[in-house]
C-alpha cells in the first residue's frame with residue numbers, strides 16, 4: 010500500500026535540475042503502510058515495516074475490519090500523527106527508534122530516496138506512468154506525456170526531458186525499458202551520480218551546438234547544465250569576465266586552447282590585435298622577449314650559439330652554464346609574472362659572453378670578420394638587384410639629382426673595395442705558395 014499525498018505535499022525535483030518551467034509533483038516511492046493521517050490502515054493482519062515500528066498498543070486482535078477502517082488505537086498511541094521512524098542506519102542496529110510526526114518521517118524517506126538515486130527517482134515515475142511511443146491508450150493503463158504533465162501541473166516538455174533521459178539510459182542497459190515497467194512498481198535504480206550523464210534540464214542540449222557543449226562539459230568534469238546555462242547567456246559571461254580577473258584568466262586559457270583548432274578564430278583574433286595599437290605594442294614586446302628566451306634556451310638544449318655575424322659555434326662550458334642559470338630563473342616565474350626584464354638580462358649576459366669567446370680565439374675572430382663581410386656583401390647585392398630600369402622611356406619622370414649622386418658615391422665605394430681586395434689577393438696567393 011502506498012502513502013497518499015496531496016499535490017501541495019508532494020516531492021519535486023531539486024532546484025538545480027529545474028529549467029524555469031512549472032514544478033510538478035509526483036507520488037514518492039512507497040514508504041510503508043501509513044495513511045496520511047497517521048492512522049494505521051488495515052486490510053488484513055498488520056505487518057511490521059521499515060517505516061512503522063510494530064506496536065503492541067494497536068487495539069486489535071491482529072486483524073482489521075474487512076471494510077478497511079483503521080483499527081482503534083488506545084491512549085498510548087500519540088494523537089499528533091507521529092509515528093516511530095528508524096533512520097537509514099537502523100538496519101545495522103546502531104540508531105535508536107525515533108518518535109516524529111508523519112510529515113517529517115515522509116520528508117526524511119523521500120530525501121533518503123533522492124539522496125541515493127538523484128533524478129532517477131523522478132524519472133522512474135515518468136517512465137512507469139507515461140505511455141511509450143507506439144502504444145495506444147487501450148493497450149496500457151499509462152497516460153500520455155501531455156496528460157501526465159497536466160496531472161503534475163508542469164509542462165509536457167519537462168516531462169519529456171525525464172522521459173528521454175530514461176530512454177537513453179535504457180538503451181545503455183542502465184534501467185529497464187518502458188514496456189516492462191508497471192505503474193506504481195518500484196525497481197532498483199542506478200546511483201545518483203550517473204543521472205547527470207543522461208539528463209539535461211535545457212532544451213538547447215538537444216541541438217548540435219548543445220550536444221557539443223554538453224560533451225565538452227563532461228570532458229572537463231562539470232555538469233552539462235552549467236555549461237549550457239553559460240552558453241545561453243553570453244551577456245552574463247561578459248559581465249563575469251569584465252568584473253572578475255579569475256574568470257578572465259579562465260576565458261583566456263579556453264580561448265588559447267580553442268585557437269589551436271580554429272583557424273577562423275585565429276584570423277579574427279590576429280585582426281583584432283593588428284587594429285589595436287595597445288595590443289600591437291604588447292605583442293611586439295612579448296615577441297621580443299620570447300625570441301630572447303629562445304636564443305638562451307637554444308644554447309642550453311643544443312650546446313650551440315650563433316655569433317653576431319651569424320655563424321654557429323659550439324658554446325663553451327662557461328657560456329652554457331651561465332645560460333642555464335638564467336633560463337632556470339625564467340622557468341621558475343609564475344604565469345602572471347612578467348618575463349621581459351629577465352629575458353633581457355639573460356640575453357645581454359649571453360651576448361657579452363659570446364663576444365668575449367670570439368675575441369679570445371684568433372681563428373674564430375678571423376672567421377667572424379669573413380662571415381660578416383660576406384653577409385654585408387650579400388645584403389648589398391640583393392638591394393642593388395632590386396634597382397631596375399625596365400621603363401626607360403619615362404625615367405625622366407622619377408629622376409632626381411640626388412639619385413645620380415648617390416649611385417656615383419656607391420660606385421666609388423665599390424671601386425675602393427675592389428682595389429683593396431686586389432691588393433690583398435697577391436699577398437694571399439704568396440702566403441698559400
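Residue numbers (the working numbering): 10 to 442. Ideal Cβ positions, reconstructed from N, Cα and C, are used throughout, including at glycine. Bear in mind that the values here come from a model prediction, so they are computed numbers and not experimental data.
A residue is called buried once 16 or more other Cβ atoms fall within 10 Å of its Cβ, and residue 126 is buried on that count.
Put simply, the backbone Cα of residue 348 is about 36 Å away from that of residue 379. Under the Cβ criterion (8 Å, minimum of three pairs), the region 194–205 counts as touching the region 124–138. In the three-state reduction of the DSSP assignment, residue 342 falls in the coil class. DSSP lists 139 as the bridge partner or partners of residue 152. Rounded to whole angstroms, the Cβ separation of residue 308 and residue 359 is 7 Å, and the two are in contact under 8 Å. The region 270–290 makes no contact with the region 333–351: fewer than 3 CB pairs, one atom from each, lie closer than 8 Å. In this structure, residue 356 lies near residue 301, with their beta-carbon atoms less than 8 Å apart.
Fewer than three pairs of CB atoms, one per stretch, sit closer than 8 Å, so the region 168–184 makes no contact with the region 221–229. Judged by DSSP in its simplified three-state form, residue 367 adopts helix. In this structure, the beta-carbon distance from residue 188 to residue 150 does not fall below 8 Å.
The continuous beta strand (DSSP E) containing residue 109 extends over residues 107–110.
According to DSSP, residue 315 shares a beta bridge with 321. Ranking 321, 179, 314 by CA distance to the CA of residue 330 puts 314 first. Ranked by Cα distance from residue 133, the first of 298, 176, 414 is 176.
In this structure, 184 is the residue among 386, 184, 410, 337 with its C-alpha nearest to the C-alpha of residue 136. When secondary structure is reduced to three states using DSSP, residue 269 falls in the coil class, being assigned neither helix nor strand. Sorting 250, 191, 115, 181 by C-alpha distance to the C-alpha of residue 139 places 191 at the top.
The beta-carbon separation of residue 268 and residue 275, rounded to 5 Å, stays under the 8 Å limit for a contact. Scanning its chain for C-beta atoms nearer than 7 Å, with the 5 sequence neighbours on each side dropped, one finds around residue 174 the residues 132, 207, 208, in chain order.
Burial of residue 219 is indicated by the presence of at least 16 other C-beta atoms within 10 angstroms of its C-beta. Burial check for residue 363: the Cβ neighbour count within 10 Å reaches 16 or more, so the residue is buried. Exposed is the label assigned to residue 413, since fewer than 16 other Cβ atoms lie within 10 Å of its Cβ. Residue state for residue 397 is assigned as coil, using DSSP reduced to three classes.
In the three-state scheme derived from DSSP, where H, G and I count as helix and E and B as strand, residue 427 is classed as helix. A check of alpha carbon separations from residue 338 across 293, 407, 350 identifies 350 as the nearest. For residue 361, the three-state secondary structure derived from DSSP is helix. Here residue 123 is buried. Its C-beta has 16 or more other C-beta atoms within 10 Å. Between the alpha carbons of residue 391 and residue 385 lies a distance of about 10 Å.
Residue 353 and residue 265 have their C-alpha atoms some 26 Å from each other.
For residue 374, the CB contacts under 7 Å within the same chain, skipping 5 residues up- and downstream, are 367, 368 in chain order. Contact check for residue 161 and residue 154: beta-carbon distance about 10 Å, past the 8 Å limit, so the pair fails to qualify. Taking residue 336 as the centre and dropping the five residues before and after it, the same chain places the C-beta of 302, 305, 306, 309, 355 closer than 8 Å to its C-beta, in chain order.
For residue 233, the enclosing alpha helix (DSSP H) covers residues 233–240. In summary, residue 404 is exposed, with fewer than 16 beta-carbon neighbours lying within 10 Å of its beta-carbon over all protein chains present.
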